[in-house]
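Reviewing the structure listed below.
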Amino acid sequence: METKIISCTGEKGGCGKTTLNIILATNLFHLYDKKVVLIDMDNPQYSVYKKRKRDLSQMGNMKTNAFPVERATIHTLEPLIKKYYGTMDFIIIDFPGNLNEEMVRGLLYVEHIFIPFFLDELEIDSTAVFYKTLRKNFLGNDNRVLRSVNLFFNRYELVKVNKFNAVRNTLARAGMPMMRQVVMERTIYRERYRNTLVPIPLSKENGERGLKRFMEEVLEISKN
Numbered sequence: 001m002e003t004k005i006i007s008c009t010g011e012k013g014g015c016g017k018t019t020l021n022i023i024l025a026t027n028l029f030h031l032y033d034k035k036v037v038l039i040d041m042d043n044p045q046y047s048v049y050k051k052r053k054r055d056l057s058q059m060g061n062m063k064t065n066a067f068p069v070e071r072a073t074i075h076t077l078e079p080l081i082k083k084y085y086g087t088m089d090f091i092i093i094d095f096p097g098n099l100n101e102e103m104v105r106g107l108l109y110v111e112h113i114f115i116p117f118f119l120d121e122l123e124i125d126s127t128a129v130f131y132k133t134l135r136k137n138f139l140g141n142d143n144r145v146l147r148s149v150n151l152f153f154n155r156y157e158l159v160k161v162n163k164f165n166a167v168r169n170t171l172a173r174a175g176m177p178m179m180r181q182v183v184m185e186r187t188i189y190r191e192r193y194r195n196t197l198v199p200i201p202l203s204k205e206n207g208e209r210g211l212k213r214f215m216e217e218v219l220e221i222s223k224n
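Residue numbering for the sequence shown follows UniProt numbering, starting at 1 and increasing by one per position.
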């Protein structure tokens with residue numbers, strides 16, 4: 001089995017990366033029938049691992065089909081990857097919310113990075129700097145594992161479509177790869193869909209800017 005190692009990540013916290021990693025893992029597993037493991041490297045908080053424990057406790061005695069969620073440090077990451085590599089379609093890694101040593105060393109294993117950001121001047125600047133750092137230190141290496149870095153709008157609002165388009169065009173002119181799809185600003189993503197056991201209902205998120213379009217683009221990019 002060909003295994004892809006991916007991550008939604010950013011240079012700092014608050015960009016929505018953990019929510020999106022959970023949504024990706026849960027729905028690739030349940031809706032797209034992919035074998036997935038989600039590795040939580042946010043030591044010592046381990047918010048994803050703790051979220052899985054809460055989700056399980058809320059299920060009570062109900063049986064459920066669940067993908068594995070693992071805790072890791074930079075010292076245990078490689079053994080975990082070796083454990084699952086070749087048996088999973090996707091290894092998804094949730095990194096800490098800052099560019100520390102664990103994050104930098106952990107990125108050496110990632111093939112496709114997806115960087116969420118929203119319409120904020122400081123956030124845009126930080127995202128641009130992070131992309132340039134990845135391009136210089138990872139994409140520019142002939143022996144690289146990293147195959148792509150992909151920027152996308154998180155918390156997208158239709159009322160601000162002109163501003164979003166202006167930012168998209170500016171980043172595109174600077175040579176930064178923007179994904180076609182966006183993730184909308186919807187409270188339900190954080191309150192209901194950020195679940196390690198329950199996927200998005202089949203009847204939901206099927207529209208032009210639905211989450212399923214975003215996940216399908218992630219699948220498309222990850223084939224390379």
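The C-beta atom is built at its ideal place from N, Cα and C for all residues, glycine as well.
- Look at P116 here: in three-state DSSP terms it is strand.
- The residue among A174, N224 and Q45 with its C-alpha nearest the C-alpha of D125 is A174.
- Rounded to whole angstroms, Q58 and N43 show a C-alpha spacing of 24 Å.
- Three or more Cβ pairs drawn from the stretch 170-184 and the stretch 203-213 lie within less than 8 Å of each other, which places the two stretches in contact.
- Of the residues G10, I5 and L119, the one whose Cα lies closest to the Cα of V159 is L119.
- For the pair L80 and G106, the CB atoms are not nearer than the 8 Å cut-off.
- For M59, the three-state secondary structure derived from DSSP is helix.
- Bridge pairing for R71: D40 [DSSP].
- Contact annotation: I39 and E2 have beta-carbon atoms that are not nearer than 8 Å.
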